[in-house]
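S.K.: Using this note's numbering, the final residue of the sequence shown is 426, and nothing's skipped along the way.
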Amino acid sequence: MIKLIADVADESILNLKQSNDKKLVGIMKLYHEYFYIFQMVEPGMLFSVSHRMVQLSFERGLSEISPIAFAQFGVTALCMGNACGGYRMGSLALKLARNLGVPGLVSS
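1. V372 lies in the alpha helix (DSSP H); which residues open and close that run?
2. Where does the unbroken alpha helix (DSSP H) through K341 begin, and where does it stop?
3. What are the boundary residues of the alpha helix (DSSP H) that includes K413?
4. Distance check for M346 and V326, CA to CA, integer angstroms please.
5. Specify whether the stretch 355-363 and the stretch 381-391 touch according to this definition: at least 3 beta carbon pairs, one from each stretch, less than 8 Å apart.
Spelled out as structure tokens, the structure:
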């Protein structure tokens, strides 16, 4: 897993500040859409897009899209052969969704 989160404990990520910045949410939603587009037309860009979403979560705070960012980063880790990193990111995404109370991301 890349240096961005390899050395950061899950608890530290879960305790990042929350952001209600609408501009941040809009940017993250745009990156989320890019992720799906690039799956079809340019798979080599998946790492860059998911990495940027996670980076924004660290820099500007957790938003309602952050759990999706960590899940997509996990998918990218799996595609790169890092099953442990993919599992960690997926688990972290679920914890973030629960902590942030994002409806629709966690089954009831």
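We put the CB at the ideal spot given by N, CA and C, even for glycine.
M.R.: According to the data block:
1. L364 to R378
2. K340 to V359
3. A401 to L418
4. 21 Å
5. no
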